[in-house]
Amino acid sequence: MELSKETYYVTTPIYYPSDKLHIGHAYTTVAADTIAKYKEMQGFDAMFLTGSDEHGQKIERKAEEAGQEPKKYVDEIVATFKNLWEKLGINYDYFIRTTEPRHEKVVQKIFKKLYEQGDIYKDKYEGWYCTPCEAFWTERQLEEEKGEKVCPDCNRPVEWVEEKSYFFKSSKYADRLLAHIKENPNFIQPESRKNEMISFIEQGLEDLSVSRTTFDWGVPVPIDEDHVIYVWIDALSNYITAIGYETDAENFNKYWPADLHLVGKDILRFHTIIWPTILMALDLELPEQVFGHGWLLSKTGKMSKSKGNVVDPIVLIEDFGVDAIRYYLLREIAFGADGAYSTEALIQRINSDLANDLGNLLNRTVSMVDKYFAGIIPEPVQEEELDLELKEFAASTISRIETEMDNLRYTVALEELWNFVRRTNKYIDQTTPWILARDENKKERLGTVLYNLLEALRIISVTLKPFFVETPIEMARQLAHIQEVKGADWQATSWGELESGRKVINGDPIFPRIDVEEYFEKVAARKDTKKEEGVNVKVTPIKDRVKFDDFMEMDLRVAEILAAEKIEGSNKLLKLQVDIGLEERQLVAGIAKHYQSEDIIGKKILIVANLEPATIFGVESNGMILAASDEEGNLTLSTVASEIANGSRVK
Ligand code: MSP
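Counting from 1 along the sequence shown, just add 958 to a position and that's the residue number in this note's numbering.
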């Protein structure tokens, strides 16, 4: 019987399909992909999970804005995720979507189990809620910006919310969790973040609200149809539902507990406090490690769509190639720390490390084999002391890379590999093959030197396999070892596997140098062409068509603003009194950031007059004003072009 392999289960966060992903999301996924490929090469049965976190109010709202059903909306965005992962050479084993029936059913089972055993109970929640982060905050956790209460994570305004909710007794497990963290020093990494988490738990855990009644787009609470399961139980459970918890015991037992949950520092708390306490309540083992890496910042701070500073990885891949991007992400910023993304730094890396160090080494070596041996890989028959040193350098490099990779220090692992690349370049300068080539008696020595160079390159190509997608194969093609490198495991990083007698292929440089100025000129020209072609990517797509009769159901009227005042406690809302000819009305409008009360009195605007009344921030609103807004957040009221009576119908 074949012995079953040791498993290695690694996960990324499941990303929100509320928008396209940016380079920050690619960062986590590339790191996870690399470690999964590395472990697989080392002989583990690696299981790599990624996916999408599709429920919640934010997605529901986004879909509504786009005029689509939530499922249709997320389907389209999830397709862009998969496309990005394919372009980035991400080799996941399973892509979980939280809308898949298997996941939804098991999430309900989990909820029911916790409820039945008394770990979930019903109560009332009042608090400050951040819709984009889907998180409640206590008064003391909030921050203030320009007099407005904002979310401490994303700095966007929070809303006061009151609702009935189910709660999970995470506090019950706090002591056990603290003990676990202290007894398992590797459970939370990096070290600095672990201490943050410990002090957070030591301040005392509050029970966690795990259901909502304010939106529908979620997994229904199995025992109470007014509630949907709040996103964190739904989202975090993906790590177990994806591998068969409650549906495929054999597979589940094979991979659980996970070896590594890789997450950004923004969600480390959810993964090291909420998730472990849920697992404890389910009587399941905790993951071996949760690693919270730093943020990839843009020049203007954390990347976010609303700030308009996101970097699109697809554009970068098209401009520079997948391996340059993967190299940059893993090499430039120490894993764990924050770091700024910069295209200049990316180009600098491409030119120095990839084109100059690695590309030249391959090019020079293959060209010399072509020139001095008609492309045939020579035999290594005349070894010298210097060669042993190179071999030892190769072996010690590999073992250092192993240590670094086991600690997720990608940056250092690549630095080690590039020291070897540079050492091999130096070997060319030390052995001066072009001088050896002048002397017929030194042919064997020349052959040995070139063999060693090719072998060093083969080892480099194998070592690069977890990190890169195309380069190892292209290097192997030029080295005439494509099949071997394709199928190589980590063992193949040891010296001596290169076969003499094969014919190398002198190819194009693997990483052409990039001229920074030319590149930025090209980017500027591209923007101009887009403008000329009238491509305006910033306009929201048109909604599905509606029937004429349906439109005629809407009663739109001209209304004159008689009075306007700010609503206490809100920075966004104005209370308006308007005249619509037949009567006066009170409306609430979210325009306070764009208009001062005194500036709009007397304006004739358009309103929807037959909407159901609503209470917003405790104030009754009897209709809705019409205003135009763009994706940059600009807003302007709709008005009439010339004088017309109040209450005139708009059709
Ligand atoms: N859906 C939740 C996660 C649930 S996991 C059970 C979520 N999704 S997200 O789409 O907002 O993705 C957050 C993750 O994306 C971060 O934890 C991090 O891994 C990655 N990043 C997003 N922006 C990033 C940077 N600017 N820099 C680095 N990583 C970033 O939160």
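Virtual Cβ for every residue (Gly too), placed ideally from N, Cα, C.
Asked                                                                                                          : Found
Residue burial classification, L1226 (beta-carbon count within 10 angstroms, cutoff 16)                        : buried
DSSP bridge partner residues for M1582 (one or two, in chain order)                                            : V1566
Beta-carbon spacing of S1128, R1170 below 8 Å                                                                  : no
Sequence-distant residues of its chain with Cβ nearer than 8 Å to K1040 (five each side left out)              : F1053
Strand pairing of Y1079, partner residues [DSSP]                                                               : F1125
Heavy atom of the ligand MSP within 7 Å of K1610 beta-carbon                                                   : This structure gives no information on residue 1610, because the portion of the chain shown stretches from 959 to 1609.
I1446 versus V988, D1174, Q1000 and L979, residue with shortest Cα-Cα distance                                 : In the sequence as displayed, the identity of residue 1446 is Ala instead of Ile. With distances taken between Cα atoms, A1446 lies closest to Q1000.
Closer than 7 Å: N1267 CB and nearest the ligand MSP heavy atom                                                : no
Close beta carbons around V1598, own chain, < 7 Å, minus the five adjacent residues each side                  : V1516 and K1562
The ligand SAH heavy atom lying under 7 Å from the CB of T1451                                                 : As far as ligands go, the structure on display features the ligand MSP and does not contain the ligand SAH.
DSSP three-state assignment for S1357, whether helix, strand or coil                                           : helix
Within 8 Å, strictly: CB atoms of I1463 and A1438                                                              : yes
For S1167, the nearest candidate out of F1125, K1223, I993 and A1483 (CA to CA)                                : F1125
Counted within 10 angstroms of its Cβ, other Cβ atoms place V1327 as buried (16 or more) or exposed            : buried
L1595 versus S1587, I1602 and E1601, residue with shortest Cα-Cα distance                                      : S1587
Nearest neighbour of R1134, chosen from G1222, D1241 and Y1079 [CA to CA]                                      : D1241
Where K1384 falls, given that 16 or more other Cβ within 10 Å makes a residue buried                           : exposed
Heavy atom of the ligand MSP within 7 Å of W1253 beta-carbon                                                   : yes
Nearest to K1530 (by Cα), restricted to the options K1551, E1103, E1541 and I1356                              : K1551
Per DSSP, the bridge partner or partners of Q1247                                                              : L1218
Any non-hydrogen atom of the ligand MSP within 7 Å of S1287 CB                                                 : Note that residue 1287 is Leu in the sequence shown here, rather than Ser. It does not: the Cβ of L1287 is nowhere closer than 7 Å to a heavy atom of the ligand MSP.
Proximity test, L1319 beta-carbon vs the ligand MSP heavy atom, cut-off 7 Å                                    : no
Under 8 Å between C-beta atoms of V1116 and V1108                                                              : yes
Candidates K1082, L1540, Q1441 and F1378, of which the one nearest A1603 by Cα                                 : L1540
Nearest-angstrom beta carbon gap, T1172 and E1121 [assumed within contact, 8 Å]                                : 6 Å
Any non-hydrogen atom of the ligand MSP within 7 Å of H1061 CB                                                 : no
Own chain partners of V1036 with C-beta closer than 6 Å, once the 5 adjacent residues on each side are dropped : P975 and S1010
Beta carbon of V1536 nearer than 8 Å to that of L1520                                                          : yes
Nearest candidate by alpha-carbon position, reference T1258, set S1300, F1145, D1217 and N1592                 : S1300
Buried or exposed by the 16-neighbour rule on C-beta atoms within 10 Å, applied to E1018                       : buried
Check: V1064 C-beta below 7 Å from any heavy atom of the ligand MSP                                            : no
Burial state of M1005, where buried means 16 or more other Cβ atoms lie within 10 Å                            : buried
Option nearest E1097 by Cα separation, candidates E1103, P1148, W1086 and G1105                                : W1086
Best match in R1416, Q1075, T965 and T1389 for proximity to M1238 [C-alpha to C-alpha]                         : Q1075
Closer than 7 Å: A1303 CB and nearest the ligand MSP heavy atom                                                : no
Through-space distance from Y1131 to S1357, alpha-carbon basis                                                 : 40 Å
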